[in-house]
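Below: one structure, written as structure tokens.
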Amino acid sequence: MMNGLFTHVRQAALVAAGVAACLVACTGRPADHDAGTVPEVEGLPDTVTFADVAPIIRSHCTGCHRPGQVGPFPLISYQDVRRKAKTVRKMVVGRWMPPWPADTAYSRFLGERTLNARQIATLAKWVDQGALAGDTSALPPLPALAGSAATGVPEHFGPPDAVVWLPDTFYIPGDNRDRFIITKAPFVLERDTFLRAVEFVPGNRRYAHHMNGAMISYADGAKGDVFGGAAYIDADSTRSLDAFAELQLQNDDGTWPLLTPNLVNYLPGLSPPFYPAGIGGYRIAREGAFLLNTMHYGPSMRDTLDRSHFNLWFSAVAPQRPMKELFLGTLGMSPVVPELVIPPDTVMTFRTSLRVPADISVLSINPHLHLLGKSFLAFAVAPAGDTIPLIRIPDWDFRWQYAYTFAHMLHIPKDAVIHVEAVMDNTAANRNNPFSPPRTAVAPKGRHMRTTDEMLQFFVNYVDYRPGDERISLNTGTAPTTDGAPR
Ligand code: HEC
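The numbers in the sequence shown follow the numbering used here, run straight up by one, and end at 851.
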């Protein structure tokens with residue numbers, strides 16, 4: 365059973381869900397990139413050829429840069445990479461690709477997408493020497509790239525136990541505009557059961573930029589028709605509460621159903637967390653819906669369509685270690701200090717902190733800022749005074765908002781305080797600033813939402829601590845693509 369606070373937070377989140385989602389994220393792209401420097405490393409081959417480069421590209425780039433995935437062009441064959449050699453060098457040396465904003469010198473996670481110094485230097489030298497093919501006959505054949513749906517589903521999970529489709533096809537007009545949509549994917553299952561994992565699969569990866577999803581659970585008999593209501597609602601022009609009413613999310617008696625926020629998210633290249641058996645997981649009601657409280661489609665120059673779906677994996681047994689969440693910051697359990705108001709032409713630091721009510725084992729964390737974000741830092745201070753680093757993002761990039769999963773459960777003792785610190789840059793020098801000249805930016809208040817609202821949020825997914833958790837690996841065997849080498 366949930367305690368009063370949790371219920372309260374969850375209901376608050378339902379009212380605020382439309383704004384809590386990342387409404388402006390991913391709308392733009394940096395106009396230019398920092399040049400970066402090529403690291404000095406010893407012992408590179410005198411002549412670097414594609415034979416040296418291909419393994420790096422395959423393990424760190426091809427996953428996204430292949431047909432049907434988010435990368436704008438393929439990086440698979442020699443020709444693919446040679447054709448893009450100059451930009452590849454620039455993106456890699458400037459540390460823009462592969463996208464991994466977290467500082468690996470501060471804390472480490474599963475599935476880090478970073479390249480080490482040797483890999484960066486190898487790619488740079490290859491391009492500088494004219495992107496030679498060399499002898500690629502010894503290269504192992506390309507590993508079978510997983511089917512259209514798979515984004516990193518561990519093999520032993522097998523095919524999904526259920527598939528829940530969005531109710532209708534979404535039409536994306538070719539008017540080169542971003543679109544923010546609120547919608548729901550209702551379901552009726554055979555019985556109440558347990559959800560082990562859920563994956564959002566966009567039908568149109570090229571334009572589906574991000575999705576922030578919650579789960580709605582109806583009590584037995586509370587809802588006559590879960591499928592009723594509008595299909596797709598424009599989040600820019602509709603207040604979230606109105607949108608929820610149009611989607612007919614309410615119980616038949618007008619009260620609001622139980623909502624589990626942030627249960628399933630999609631971002632370019634992001635795999636959903638697949639925790640080892642018994643860890644995490646949720647109760648899932650027979651009748652319910654996934655609430656997509658923002659689905660963001662990027663601009664398209666031609667008319668196109670999307671129909672996305674959810675893959676569900678069930679568990680016959682109740683989660684032994686049910687997932688819980690701490691939600692710091694805007695609309696969450698701890699206030700932002702000072703109040704999140706950023707006058708034009710200022711760079712300000714905002715903080716929020718929360719005392720941890722019991723010993724917890726953290727599985728994953730998710731920092732969230734919008735366009736004006738400049739940097740993000742989160743750590744816990746234990747009662748004994750020692751610091752537990754959580755995450756440091758030196759150059760905030762609103763386009764890559766991952767849920768970061770620790771390699772092992774991370775113990776945070778009772779009465780530790782989690783501190784979050786974000787710097788926001790509302791000057792003209794911030795090239796993601798949506799306004800020129802800059803205007804005052806504020807956090808969303810109540811149910812009014814505007815796409816230019818800023819927010820500071822930090823989500824901590826955890827299970828109650830048990831002794832020995834520190835040694836429990838969260839790696840289900842698919843996540844890491846790095847070789848773990850020092851960088
Ligand atoms: C998580 C998915 C992902 C991974 C991994 C990834 N990319 Fe990308 N890449 C993208 C996306 C999405 C874009 C388009 C970004 C945009 O529009 O701002 C992109 C853009 C690029 C561009 C074009 C940038 C520009 O501004 O023209 C290059 C070059 C590139 N990637 C190279 C690489 C290389 C090299 C790697 C591996 C070392 C890599 N990428 C790994 C997703 C990825």
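We put the beta carbon where it would ideally sit given N, CA and C, even for glycine.
| Asked | Found |
| --- | --- |
| Mark Asp616 as exposed unless 16 or more other C-beta atoms lie within 10 angstroms of its C-beta, in which case mark it buried. | exposed |
| Considering only DSSP beta bridges, list what Gln821 is partnered with. | Gly693, His732 |
| I'd like to confirm something about Arg477: is its beta-carbon nearer than 7 Å to some heavy atom of the ligand HEC, or not? | yes |
| With distances taken Cα to Cα, identify the nearest neighbour of Gln433 among Tyr571, Arg472, Ile484. | Tyr571 |
| State the Cα-Cα distance for the pair Met554 and Gly645, rounded to the nearest angstrom. | It is worth fixing the name first, because residue 554 is Glu in this sequence and not Met. Computed Cα separation, rounded: 18 Å. |
| So within the stretch 513-586, which uninterrupted beta strand (DSSP E) runs reach at least 3 residues, ignoring any that extend past its ends? | 526-529, 534-536, 543-552, 557-565, 572-581 |
| For Lys548 versus Leu605, is the C-beta spacing smaller than 8 Å? | no |
| Count the other CB atoms, across all protein chains shown, that sit within 10 Å of the CB of Ser581; report buried if there are 16 or more and exposed otherwise. | buried |
| Give me, in chain order, the residues of the same chain whose beta-carbon lies closer than 6 Å to that of Ala895; leave out the 5 immediate sequence neighbours on both sides. | With the chain covering 365 to 851 only, the question about residue 895 has no answer from this structure. |
| Could you pull out every residue in the same chain whose Cβ sits closer than 6 Å to the Cβ of Thr478, ignoring the five residues on either side in sequence? | Trp464, Thr468 |
| With DSSP collapsed to three states, give me the class of Lys688. | strand |
| Please classify Val681: is it buried, with 16 or more other beta-carbons within 10 angstroms of its beta-carbon, or exposed? | exposed |
| Taking only three categories from DSSP, how would you classify Lys738? | strand |
| Taking the alpha-carbon of His573 as reference, which of Phe591, Met659, Leu718 has the nearest alpha-carbon? | Met659 |
| Helix, strand or coil for Ala510, going by three-state DSSP, please let me know. | Any answer about Ala510 is weak, because its pLDDT of 48 lies below 50 and its placement is not dependable; what the coordinates show is given next. Of the three classes helix, strand and coil, the one that applies to Ala510 here is coil, per DSSP. |
| Taking Gly400 and Val457 to be in contact with their CB atoms under 8 Å, please state how far apart those CB atoms are, rounded to whole angstroms. | 4 Å |
| Let me check you understand the geometry: is the CB of Met579 closer than 7 Å to at least one non-hydrogen atom of the ligand HEC? | no |
| Taking 7 Å as the cut-off, is the C-beta of Thr451 nearer than that to any heavy atom in the ligand HEC? | yes |
| Could you pull the start and end residues of the beta strand (DSSP E) that Trp677 belongs to? | 673-679 |
| Is the stretch 668-684 close to the stretch 525-540, with three or more CB pairs under 8 Å? | yes |
| Apply the 10 Å Cβ neighbour rule to Cys386 and answer buried if 16 or more other Cβ atoms are within range, or exposed otherwise. | Only weak support exists for where Cys386 lies, its pLDDT of 31 falling under 50; the value from the coordinates is given anyway. By the neighbour-count rule (16 or more Cβ atoms within 10 Å), Cys386 is buried. |
| Below 7 Å CB to CB, which residues in the same chain sit around Leu559 once its five sequence neighbours on both sides are set aside? | Gly645, Tyr646, Ile648, Leu676, Phe678 |
| If you compare alpha carbons, which of Ala561, Val784, Val491, Gly832 is closest to Pro683? | Ala561 |
| Tell me the rounded alpha-carbon separation between Met665 and Leu733. | 28 Å |
| For Val701, count the other beta carbons within 10 Å of its own beta carbon; 16 or more makes it buried, fewer makes it exposed. Which is it? | exposed |
| Between the C-alpha atoms of Trp529 and Asp828, what's the straight-line distance to the nearest angstrom? | 33 Å |
| DSSP has Ala805 in a bridge; who is on the other side? | Ile706 |
| For Pro831 and Pro801, I'd like the C-alpha separation in whole angstroms. | 54 Å |
| In or out: Lys738 buried (at least 16 other Cβ within 10 Å) or exposed? | buried |
| Could you pull the start and end residues of the beta strand (DSSP E) that Ala466 belongs to? | Segment: none, Ala466 is in no beta strand (DSSP E) and carries neither H nor E. |
| Give the DSSP-derived three-state secondary structure of Tyr442 in the structure shown. | helix |
| Measuring CA to CA, which of Tyr596, Asp525, Ser471, Tyr442 is closest to Arg543? | Tyr596 |
| With respect to 7 Å, is the separation between the Cβ of Pro463 and the closest non-hydrogen atom of the ligand HEC below this value? | yes |
| Please work out which residues of its chain come closer than 6 Å, Cβ to Cβ, to Arg650, disregarding the five sequence neighbours upstream and downstream, and give them in chain order. | Leu553, Arg555, Asp556 |
| I'd like to know if the stretch 435-445 and the stretch 723-732 are in contact, where contact means that at least 3 CB-CB pairs between them fall below 8 Å. | no |
| Does Thr713 pass the burial test, meaning 16 or more other C-beta atoms within 10 Å, or should it be called exposed? | exposed |
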